[in-house]
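Peer 1: My structure is below; once you've seen it, I'll send some questions.
Residue numbers (my numbering): 9 to 215.
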């Protein structure tokens with residue numbers, strides 16, 4: 009990931025990635041049965057960093073890809089990955105979060121703040137808070153300045169606003185087409201939904 013100078017020492021920072029052997033062997037075996045030989049194994053969350061805009065490569069940014077059943081999260085600082093995590097919450101939890109937010113807006117103003125109805129953070133918010141909190145606990149890591157959403161769940165109406173209100177961090181959509189230099193606004197939703205697949209397809213692509 010790069011070198012870091014601390015007092016009189018020069019440290020080399022690395023990001024260690026581990027995967028279950030039985031899971032990886034299953035993927036490799038499936039490819040070989042199709043007479044395909046895998047050349048690289050890619051970590052899904054890290055692939056999303058290919059679509060960071062130039063201005064975001066100087067910031068601390070969290071990218072959250074919300075799919076069916078799981079979400080991929082990567083936090084990058086100045087374009088370098090600092091934390092990657094796959095969390096077992098996805099599209100359903102995102103929909104529940106938005107629905108709970110709408111219900112909360114219609115609750116009586118006098119409802120106690122500690123009542124179950126008023127506590128609508130949800131599993132997705134709690135997992136994101138835990139992930140960001142763990143990242144910040146590593147040394148003097150700052151809070152993310154922006155959250156970028158991708159995946160099918162990113163298209164749920166009202167989700168960016170609810171995440172912003174709960175986490176206090178600006179939230180917007182990732183824009184793969186702009187990063188690729190493609191001007192086609194009709195494809196924006198498609199590119200957000202399939203951003204992870206597009207990032208995998210762009211492996212080896214350089215500026």
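For glycine and all other residues, C-beta sits at the position ideal for the given N, C-alpha and C.
Pick helix, strand or coil for residue 22, following the three-state DSSP scheme.
Peer 2: Residue state, collapsed to three classes: coil.
Peer 1: Which one of 28, 35 and 166 has the shortest CA to CA distance from residue 44?
Peer 2: Closest by alpha carbon: 35.
Peer 1: Less than 8 angstroms between the beta carbons of residue 82 and residue 95, yes or no?
Peer 2: No; because the gap between Cβ atoms is not below 8 angstroms, this pair is not in contact.
Peer 1: Below 6 angstroms CB to CB, which residues in the same chain sit around residue 118 once its five sequence neighbours on both sides are set aside?
Peer 2: Unreliable placement is indicated for residue 118, whose pLDDT of 40 sits below 50; the coordinate value is still reported in the next sentence. So the list is empty, once near-sequence residues are dropped.
Peer 1: For residue 133, which residues in the same chain have their Cβ closer than 8 angstroms to its Cβ, ignoring the five residues on either side in sequence?
Peer 2: So the qualifying residues of the chain are 105, 171, 174 and 175.
Peer 1: Under the rule that 16 or more other beta-carbon atoms within 10 Å means buried, what is residue 31, buried or exposed?
Peer 2: That one is exposed.
Peer 1: Just curious, the beta strand (DSSP E) that residue 36 is in, first and last residue?
Peer 2: It is not in any beta strand (DSSP E) - residue 36 instead sits in the alpha helix (DSSP H) that spans 29-41.
Peer 1: How many whole angstroms separate the CB atoms of residue 203 and residue 182, which I take to be in contact at a CB cut-off of 8 angstroms?
Peer 2: So it is a contact: roughly 5 angstroms between Cβ atoms.
Peer 1: Go ahead and label residue 207 buried or exposed: buried means 16 or more other beta carbons lie within 10 angstroms of its beta carbon, across all protein chains shown.
Peer 2: Buried is the call here.
Peer 1: Please specify which runs of the alpha helix (DSSP H), each continuous and at least 4 residues long, are wholly inside the segment 145-201, giving them in chain order.
Peer 2: For the segment 145-201, whole alpha helix (DSSP H) runs of length 4 or above, ordered along the chain, are 167-175, 184-187 and 196-201.
Peer 1: Does residue 53 come out as helix, strand or coil in the three-state DSSP assignment?
Peer 2: Note: residue 53 maps to helix in three-state DSSP.
Peer 1: Where residue 42 and residue 51 are concerned, what is the direct C-alpha to C-alpha distance, given to the nearest angstrom?
Peer 2: About 22 angstroms.
Peer 1: Would the segment 141-159 count as touching the segment 61-77 if we require 3 or more Cβ pairs under 8 angstroms?
Peer 2: A contact exists between the segment 141-159 and the segment 61-77.
Peer 1: To the nearest angstrom, report how far apart residue 186 and residue 25 are at their CA atoms.
Peer 2: The straight-line gap from Cα to Cα measures roughly 29 angstroms.
Peer 1: Taking residue 196 as the reference, give the member of 148, 163 and 150 with the closest Cα.
Peer 2: Nearest C-alpha to residue 196: 163.
Peer 1: What is the rounded straight-line gap between the Cα of residue 60 and the Cα of residue 180?
Peer 2: The alpha-carbon atoms of residue 60 and residue 180 are separated by roughly 12 angstroms.
Peer 1: Tell me which same chain residues have a C-beta within less than 6 angstroms of the C-beta of residue 199, skipping the five on either side of it?
Peer 2: Once the five neighbours on either side are set aside, the close Cβ partners of residue 199 are 184 and 185.
Peer 1: If distances are taken between C-alpha atoms only, which option among 97, 78, 102 and 58 comes closest to residue 84?
Peer 2: Minimum Cα distance to residue 84 is reached at 58.
Peer 1: Buried or exposed: which applies to residue 165, given that a residue is buried once 16 or more other Cβ atoms fall within 10 Å of its Cβ?
Peer 2: Exposed is the call here.
Peer 1: Check whether the Cβ atoms of residue 69 and residue 201 sit closer than 8 angstroms, and answer yes or no.
Peer 2: No, the Cβ-Cβ distance between residue 69 and residue 201 is not below 8 angstroms.
Peer 1: Tell me the DSSP secondary structure of residue 213 in three-state form.
Peer 2: Residue state, collapsed to three classes: coil.
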